[in-house]
């Protein structure tokens, strides 16, 4: 698929989710629901959110994170490809600054934002060209000493650790389900007609690629914020994380 086809597919998928779900269920990456405030606070700590900051969220969706951020900064702007997700954002917010646009075309002037957030988006960017165009746009609109947060990235691994239900299993249960996961992944690649929900695999992003791309900037890699909160609550039985957050203290390339 070309970039436009990928973007249209993602928009259609989230348009359908938005029609039949509340804002948290529609977003899809914020489970369990009761942890949402703590996950948002963790992200806020990681980006060192300040009252004077101008924040852009790429892939703002239904506003789970955006509604938390917008009252804690000077200005908040959200961008998303799904019309119905943005419509859902409007249901719980008064006059939010949100725009229908894709991650590879951000309709803003250079260096406008102190902080750019893109959470749970890279998994939907299956080719390198689309990912790099998106990162280039983020670089363009962030201030010269700004912060870029790229959250919930799936890192390369043998197993499908990205499923939230898997992360919440204890160690014994994880060991039991691994053969099933390997089989379904193999089947998805071998015979698409029999793959069912496994026919579309999430995209992976390696820390090495992000560090190489932002060469010259300070890149820090953390366990994903949601995983960090789940581990605080459930303890060591929450294992097998392969999702990470990247914090980039941006320095403009010369």
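Numbering (the numbering used here), first residue to last: 13 to 266. No residue lacks a Cβ here, since even glycine has one placed at the ideal position from N, Cα and C. Since we're looking at a predicted model, the values are computed, not measured.
Give the DSSP-derived three-state secondary structure of residue i in the structure shown.
{"i": "residue 254", "result": "coil"}
{"i": "residue 263", "result": "coil"}
{"i": "residue 146", "result": "helix"}
{"i": "residue 34", "result": "coil"}
{"i": "residue 161", "result": "strand"}
{"i": "residue 122", "result": "coil"}
{"i": "residue 112", "result": "strand"}
{"i": "residue 130", "result": "strand"}
{"i": "residue 155", "result": "strand"}
{"i": "residue 234", "result": "strand"}
By Cβ distance, which residues of its chain are closer than 7 Å to residue i, with the 5 residues on each side in sequence left out?
{"i": "residue 232", "result": "259"}
{"i": "residue 223", "result": "231"}
{"i": "residue 119", "result": "111, 113"}
{"i": "residue 45", "result": "36"}
Figure out for me which residue from the options has the closest Cα to the Cα of residue i.
{"i": "residue 165", "options": "159, 237, 126", "result": "237"}
{"i": "residue 73", "options": "50, 84, 34", "result": "34"}
{"i": "residue 229", "options": "254, 263, 187", "result": "263"}
{"i": "residue 121", "options": "243, 113, 152, 100", "result": "152"}
{"i": "residue 245", "options": "23, 51, 196, 138", "result": "51"}
{"i": "residue 112", "options": "222, 94, 197", "result": "94"}
{"i": "residue 83", "options": "106, 188, 28", "result": "106"}
{"i": "residue 13", "options": "130, 45, 137", "result": "137"}
{"i": "residue 226", "options": "118, 119, 161", "result": "161"}
{"i": "residue 91", "options": "130, 53, 64, 104", "result": "130"}
{"i": "residue 217", "options": "17, 187, 147", "result": "147"}
{"i": "residue 11", "options": "123, 134, 181", "result": "The question about residue 11 has no answer here: the residues shown for the chain are numbered 13 through 266."}
{"i": "residue 254", "options": "157, 193, 32, 167", "result": "167"}
Below 6 Å CB to CB, which residues in the same chain sit around residue i once its five sequence neighbours on both sides are set aside?
{"i": "residue 87", "result": "66"}
{"i": "residue 145", "result": "116"}
{"i": "residue 234", "result": "257"}
{"i": "residue 19", "result": "93, 114"}
{"i": "residue 30", "result": "38, 96, 97, 100"}
{"i": "residue 68", "result": "89, 125, 128"}
Does the distance between the C-beta of residue i and the nearest non-hydrogen atom of the ligand NAP fall short of 7 Å?
{"i": "residue 71", "result": "The ligand NAP is not among the ligands present in this structure, which contains no ligands whatsoever."}
For residue i, collect the residues of the same chain with a Cβ closer than 8 Å to its Cβ; drop the 5 residues on either side in sequence, then sort them by chain order.
{"i": "residue 159", "result": "59, 60, 126, 127, 128, 259, 260, 261, 262"}
{"i": "residue 40", "result": "29, 132"}
{"i": "residue 141", "result": "15"}
{"i": "residue 63", "result": "84, 85, 86"}
{"i": "residue 240", "result": "54, 234"}
Assuming residue i and residue j make a contact with CB atoms under 8 Å, what is their CB distance in whole Å?
{"i": "residue 101", "j": "residue 75", "result": "4 Å"}
{"i": "residue 163", "j": "residue 81", "result": "Not really, about 13 Å apart at Cβ, beyond 8 Å."}
{"i": "residue 27", "j": "residue 96", "result": "4 Å"}
{"i": "residue 132", "j": "residue 78", "result": "Actually they do not touch by this definition, with Cβ atoms about 13 Å apart."}
{"i": "residue 25", "j": "residue 135", "result": "With a Cβ gap of about 12 Å, residue 25 and residue 135 do not count as contacting."}
4 or more residues per run - each alpha helix (DSSP H) lying fully within the region 39-108: Listed in chain order, they are 48-59, 78-81, 95-103.
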